[in-house]
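Participant: My structure is below; once you've seen it, I'll send some questions.
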Amino acid sequence: MLQSGVIAHSLSPYAAPVLLVKKKDGSWRFCVDFRQLNIATVKNKFPLPVVDELLDELGGAAYFSKIDLRAGYHQIRMREEDEEKTAFKMHHGHYHFRVMSFGLCNAPATFQCLMNSIFGRHVRKFIIIFLDDILVFSIDLQKHEEHLRTVFDLLRAHQLYANASKCSFAQQEIEYLGHVISKNGVATDASKTSAMSAWPVPTTPTELRGFLGLTGYYRKFVPHYGIIAKPLTRLLTKKGFLWDDKAQTAFELLKKAMVSTPVLALPNFKRPFAIETDACDTGVGAVLTQDGHPVAYLSKALGMRNQKLSAYEKEFLAVMMAIDKWRPYL
12 MLQSGVIAHS LSPYAAPVLL VKKKDGSWRF CVDFRQLNIA TVKNKFPLPV VDELLDELGG
72 AAYFSKIDLR AGYHQIRMRE EDEEKTAFKM HHGHYHFRVM SFGLCNAPAT FQCLMNSIFG
132 RHVRKFIIIF LDDILVFSID LQKHEEHLRT VFDLLRAHQL YANASKCSFA QQEIEYLGHV
192 ISKNGVATDA SKTSAMSAWP VPTTPTELRG FLGLTGYYRK FVPHYGIIAK PLTRLLTKKG
252 FLWDDKAQTA FELLKKAMVS TPVLALPNFK RPFAIETDAC DTGVGAVLTQ DGHPVAYLSK
312 ALGMRNQKLS AYEKEFLAVM MAIDKWRPYL
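Counting in my numbering, the sequence shown runs from 12 upward without gaps.
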């Protein structure tokens with residue numbers, strides 16, 4: 012990093028600790044513990060996109076290209092007067108960053124703002140961007156080539172460089188942000204769901220939160236997810252962590268559900284949507300459909316108070332929940 016100009020020798024009065032984290036490809040990511048600096052930093056409130064909303068833009072597309080920027084954060088220069096604040100110490104020296112580093116609380120917002128400003132008028136028309144993950148989508152190959160040229164021209168003009176080993180071009184099926192996308196719809200990534208099916212039984216609340224966080228990312232693919240997961244989520248309340256038979260059953264059901272998720276249709280906002288709802292003694296659920304194909308599932312376990320409602324009231328509660336969640340589609 013010193014030779015490439017990412018860092019420089021420092022005389023800064025600050026010094027954060029460092030650690031190395033192994034990446035999926037076997038290489039190492041250099042990380043600095045910027046927690047104290049982040050506490051003192053005025054936060055950048057630029058919004059990050061919602062993944063589900065990004066995927067909704069892909070309806071009708073048949074060709075996809077994914078562009079991953081090489082060490083994206085390191086392609087943004089720090090202001091010279093702020094460089095000393097990023098200083099860190101190692102056993103053989105004291106350095107600071109000359110470019111934006113991972114771990115800075117404003118780095119994601121800053122990077123997303125840059126991407127939106129560069130690709131502004133094209134975003135959500137033929138390109139979606141989540142930080143350094145760029146997806147170009149088109150209805151046919153000819154259009155796709157035109158869109159790629161536009162994207163490459165903009166990257167070149169702003170001196171942004173891609174990581175060729177992580178890029179894919181003109182694909183009819185592609186993985187993006189943990190989803191597999193094609194003209195047929197969107198599905199879960201098998202590599203992610205297989206990790207869930209192999210998840211060991213949690214022994215602490217932290218381990219359980221990790222499992223629920225991972226499965227919750229795909230909850231719209233799973234009918235009755237909220238109802239199935241209820242015995243697990245209750246273990247994270249103040250009542251304490253006590254793994255019982257109900258928790259074990261829910262854990263196994265959820266793992267099984269993760270590896271049998273359906274392919275969801277990508278929405279076409281020029282056509283009408285329909286909502287189907289259902290209710291049972293312990294929960295309510297709904298599915299958003301278009302032309303008979305599911306677009307998303309929604310469910311919620313009922314508390315003790317709502318479990319006492321009549322069947323009609325539970326059905327009405329399901330309708331209200333679904334309309335509130337999917338109002339933009341209706």
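Backbone N, C-alpha and C fix where the C-beta goes; we use that ideal spot for every residue, glycine too.
Computed from a predicted model, the values in this text were never measured in an experiment.
1. Quick test of your reading: V29 and M89, contact by CB under 8 Å. State the CB separation rounded to the nearest angstrom.
2. Do E263 and A290 count as a contact pair if the criterion is CB distance below 7 Å?
3. Using DSSP with H/G/I as helix, E/B as strand and the rest coil, what is H235?
4. Would Y106 and I18 qualify as a contact pair, given that the criterion is a beta-carbon distance under 7 Å?
5. Please report the straight-line C-alpha distance between L225 and K266, rounded to a whole angstrom.
6. Between L277 and G70, which are expected to be in contact by the criterion C-beta below 8 Å, what is the C-beta distance as a whole number of angstroms?
7. Where does H158 land, buried or exposed, given buried means 16+ other C-beta within 10 angstroms?
8. In three-state terms, what does DSSP make of S128?
9. Assuming A181 and Y74 are in contact, meaning their beta carbons sit under 8 Å apart, how far apart are those beta carbons, in whole angstroms?
10. How far does the alpha helix (DSSP H) with H169 in it extend, from its first residue to its last?
11. Which runs of the beta strand (DSSP E) fall wholly inside the region 177-251 and span at least 3 residues, in chain order?
12. Check each candidate in A285, E64, L223 and L320 and name the one with the smallest Cα separation from A268.
13. Quick one: Cα of S128 to Cα of L165, how far?
14. Just to confirm, are I286 and L275 a CB contact at a threshold of 7 Å?
15. With DSSP run on the structure shown, which of helix, strand or coil describes T293?
16. Could you pull out every residue in the same chain whose Cβ sits closer than 7 Å to the Cβ of I239, ignoring the five residues on either side in sequence?
17. Could you check which residue in L59, N49 and E92 has the C-alpha nearest to that of S23?
18. Give every residue of the same chain whose Cβ lies closer than 7 Å to the Cβ of I139, excluding the five residues on either side of it in the sequence, and list them in chain order.
19. According to DSSP, G104 sits in a beta bridge with which residue or residues?
20. I'd like to check one pair, V330 with K311: are the Cβ atoms closer than 7 Å?
21. Is the distance from the Cβ of F45 to the Cβ of A120 below 7 Å?
22. Do you know how far the Cα of L31 is from the Cα of F41?
23. In this structure, how does DSSP classify F284 when only helix, strand and coil are distinguished?
24. If I185 sits next to S179, beta carbons under 8 Å apart, how far is it from one beta carbon to the other, in whole angstroms?
Facilitator: According to the structure data:
1. Locating residue 29 in the sequence shown gives position 18, counting from the first residue. Locating residue 89 in the sequence shown gives position 78, counting from the first residue. At roughly 17 Å, the Cβ-Cβ gap does not stay under 8 Å, so V29 and M89 are not in contact.
2. Taking the first residue of the sequence shown as 1, we reach residue 290 at position 279. Taking the first residue of the sequence shown as 1, we reach residue 263 at position 252. Judged by their CB atoms, A290 and E263 are not nearer to each other than the 7 Å cut-off.
3. As a position in the sequence shown, residue 235 is number 224, starting the count at 1. Reduced to three states, the DSSP call for H235 is coil.
4. Taking the sequence shown and counting its residues from 1, the one referred to as residue 106 is at position 95. Taking the sequence shown and counting its residues from 1, the one referred to as residue 18 is at position 7. Taking 7 Å as the Cβ cut-off, Y106 and I18 qualify as a contacting pair.
5. Residue 225 sits at position 214 when you count from the first residue of the sequence shown. Residue 266 sits at position 255 when you count from the first residue of the sequence shown. Per the coordinates, the alpha-carbon of L225 lies some 11 Å from the alpha-carbon of K266.
6. Taking the first residue of the sequence shown as 1, we reach residue 277 at position 266. Taking the first residue of the sequence shown as 1, we reach residue 70 at position 59. 4 Å between Cβ atoms; contact.
7. Here residue 158 refers to the residue found at position 147 of the sequence shown. Buried, by the Cβ-count rule.
8. Locating residue 128 in the sequence shown gives position 117, counting from the first residue. Of the three classes helix, strand and coil, the one that applies to S128 here is helix, per DSSP.
9. As a position in the sequence shown, residue 181 is number 170, starting the count at 1. As a position in the sequence shown, residue 74 is number 63, starting the count at 1. For A181 against Y74, the beta-carbon gap comes to about 6 Å, under 8 Å, which counts as contact.
10. For the purposes of this step, residue 169 is taken as residue 158 along the sequence shown, with counting starting at 1. Taken as a continuous stretch (DSSP letters only), H169 belongs to no alpha helix (DSSP H), as it is neither H nor E.
11. Within the region 177-251, the beta strand (DSSP E) runs of at least 3 residues that lie entirely inside it are, in chain order, 179-182, 184-187, 190-193 and 196-199.
12. Along the sequence shown, read from residue 1 onward, the residue named residue 268 stands at position 257. Taking only the C-alpha atoms, the option nearest A268 is L223.
13. Counted from its first residue, the sequence shown places residue 128 at position 117. Counted from its first residue, the sequence shown places residue 165 at position 154. S128 and L165 have their C-alpha atoms spaced approximately 11 Å apart.
14. Numbered from 1 along the sequence shown, position 275 holds the residue referred to as residue 286. Numbered from 1 along the sequence shown, position 264 holds the residue referred to as residue 275. Their beta carbons are not under 7 Å apart, which means I286 does not touch L275 by this criterion.
15. Locating residue 293 in the sequence shown gives position 282, where the first residue counts as 1. Judged by DSSP in its simplified three-state form, T293 adopts coil rather than helix or strand.
16. Within the sequence shown, numbered from 1, the residue matching residue 239 stands at position 228. Counting only Cβ-Cβ distances below 7 Å, and skipping sequence neighbours, we find A261, L264, L265 and A268.
17. Position 12 of the sequence shown, counted from the first residue, corresponds to residue 23. It is E92 whose Cα lies nearest to the Cα of S23.
18. As a first step, residue 139 must be located in the sequence shown, where it is residue number 128. Hits under 7 Å: L65, E68 and L146.
19. As a position in the sequence shown, residue 104 is number 93, starting the count at 1. Under DSSP, the beta-bridge partners assigned to G104 are M101.
20. If you number the sequence shown from 1, residue 311 lands on position 300. If you number the sequence shown from 1, residue 330 lands on position 319. Contact flag unset, no.
21. Locating residue 45 in the sequence shown gives position 34, counting from the first residue. Locating residue 120 in the sequence shown gives position 109, counting from the first residue. No, these two residues do not count as a Cβ contact at 7 Å.
22. In the sequence shown, counting from the first residue as 1, residue 41 sits at position 30. In the sequence shown, counting from the first residue as 1, residue 31 sits at position 20. It is roughly 5 Å from the alpha-carbon of F41 to the alpha-carbon of L31.
23. Numbered from 1 along the sequence shown, position 273 holds the residue referred to as residue 284. The answer is coil: DSSP assigns F284 none of H, G, I, E or B.
24. Within the sequence shown, numbered from 1, the residue matching residue 185 stands at position 174. Within the sequence shown, numbered from 1, the residue matching residue 179 stands at position 168. With a Cβ gap of about 6 Å, I185 and S179 count as contacting.
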